[in-house]
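Shown next, in structure tokens, is the structure this report addresses.
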Amino acid sequence: MRYAQLVIGPAGSGKSTYCYHILRHFEAERQSAKVVNLDPAAEHFEYEPLVDIRELIHLDDAMEDDDLKFGPNGGLVFCMEYLLENRDWLEEQLGEDDDDYILFDCPGQIELYSHMTVMKDLVEVLQNWNFRVCGVFLMDSQFMIDGAKFLAGTMTALSVMVNLVIPHVNVLSKVDLLGKSAKKQLERFIEPDARNLLSDVANNSRWHKKYQALTEALGALIEDYSLVRFYPLDLRDEENIGDLVLSINNVIQFGEDADVQIRDFDPPEEDE
Ligand SMILES: Nc1nc2c(ncn2[C@@H]2O[C@H](COP(=O)(O)OP(=O)(O)OP(=O)(O)O)[C@@H](O)[C@H]2O)c(=O)[nH]1
Ligand SMILES: [Mg+2]
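Residue numbers (numbering that gives the first Met the number 0): 0 to 271.
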């Protein structure tokens, strides 16, 4: 069995930084893990990738091609579809190691996850290659500290969960950037009471009056079905990182089917 974290989330939410820190965490734990860069537009990341999609196709290839003439967003979708068409390349680059643990650092275009099929198809390809895949969806915690933003962020996470249909962990990134009062606000998301949070959204605007019932229904949906939970992550805190990795590994049952190591001992000599 092979294991994968599909690291996804909006642009700039901290995916590449997360991959680097998780890799370092694994190194400290003396466990092997690798990162694959799947962002054809990536310019900078700190890890040494096992595989880099830019060696197959770069966003510029799609944008500068005289026939394709894509803009940056269409170009990115084209690159991901190109990767799928050339899945043999990826398979060969990944090798055939059993017990692989790979973090896939994905592009930050949210449409890829929320309603397009290309990433879902990629997940199926990975599953066919014997990977157990967990979606790790990062949201910048700075954008989640009031009711309206929380609702928007939660609905985004939900649409990704529904679209990809894989085990899924939501992470609130960049907690170190939050001030004291923002952190307090954030505590409400750890055990969210969605109806309560949505009272933040309530105000006397005409828009709110018109859509109050919808807002309440969304709050009830999120709460009643425990659909979306967020895991706050401060990358300066090793224990925090360790707890998150443990949760993700539980989801993909990492290590559960590892071979039991049995050593045969020679029977002791009679005169010993
Ligand atoms: N303070 C702080 N900054 C962070 C953290 N994670 C990421 N950043 C910063 O946020 C910016 C974006 O981080 P990236 O890791 O490149 O984000 P990304 O999601 O890979 O971005 P795209 O690939 O462009 O979608 C960089 O300037 C990072 O240094 C964090 O936990 N704390
Ligand atoms: Mg990145």
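Cβ coordinates follow ideal geometry from the N, Cα and C atoms, glycine included. All values reported here derive from a predicted model rather than from experimental measurement.
Using a cutoff of 8 Å, the CB of Lys208 does not count as near ligand 2, since none of the ligand's heavy atoms is closer than that. Residue pairing by DSSP places Pro231 opposite Leu171 in a beta bridge. In the three-state reduction of the DSSP assignment, Asp51 falls in the strand class.
Restricting attention to beta strand (DSSP E) runs no shorter than 3 residues, the region 34-121 encloses them at 100-104, ordered along the chain. Residue pairing from DSSP leaves Phe149 without any beta-bridge partner. Pairing His20 with Lys209, the inter-Cα distance amounts to about 45 Å. Contact check between the region 4-24 and the region 175-187: fewer than three CB pairs, one atom from each, fall below 8 Å, which does not count as touching. By the Cβ criterion, the region 137-151 is not in contact with the region 111-121, since fewer than three pairs of Cβ atoms, one from each stretch, lie closer than 8 Å.
DSSP, read as helix, strand or coil, puts Ala212 in helix.
Short of 8 Å from the beta carbon of Met138, and not among the five residues preceding or following it, lie these beta carbons of its own chain, in chain order: Gly8, Pro9, Ser12, Gly152, Thr155, Ala156, Asn169, Val170, Leu171, Ser172 and Phe229. With contacts defined by Cβ atoms closer than 9 Å, Pro39 and Leu89 do not form a contacting pair.
Of the candidates Cys78, His167, Glu95 and Leu220, the residue whose Cα lies closest to the Cα of Leu37 is Cys78.
9 Å or more divides the Cβ of Pro166 from the Cβ of Asp104. In the structure shown, Ala32 falls within a coil segment according to DSSP collapsed to helix, strand and coil. DSSP places Tyr17 in the helix class (H, G or I) of the three-state scheme.
In the DSSP annotation of this structure, the continuous segment of the beta strand (DSSP E) that includes Ile7 starts and ends at Arg1 to Ile7. Burial check for Lys33: the Cβ neighbour count within 10 Å reaches 16 or more, so the residue is buried. Here Val244 has Ile21 and His24 as same chain residues with Cβ atoms under 7 Å from its own Cβ, once five neighbours each way along the sequence are excluded. For Gly241, the enclosing alpha helix (DSSP H) starts and ends at Glu237 to Val250. In the DSSP assignment, Leu137 falls within the beta strand (DSSP E) that extends over Phe130 to Asp139. Remark: the shortest separation between the CB of Ser172 and any heavy atom of ligand 1 falls under 8 Å. Distance check between Leu111 and each of Asn72, Glu91, Gln252 and Tyr100 places Asn72 closest, using alpha-carbon atoms only. Ser15 has its Cβ nearer than 8 Å to a heavy atom of ligand 1. In this structure, the C-beta of Phe136 stays at least 8 Å away from each heavy atom of ligand 2. In this model, Asn162 and Asn127 are separated by some 18 Å (Cα to Cα).
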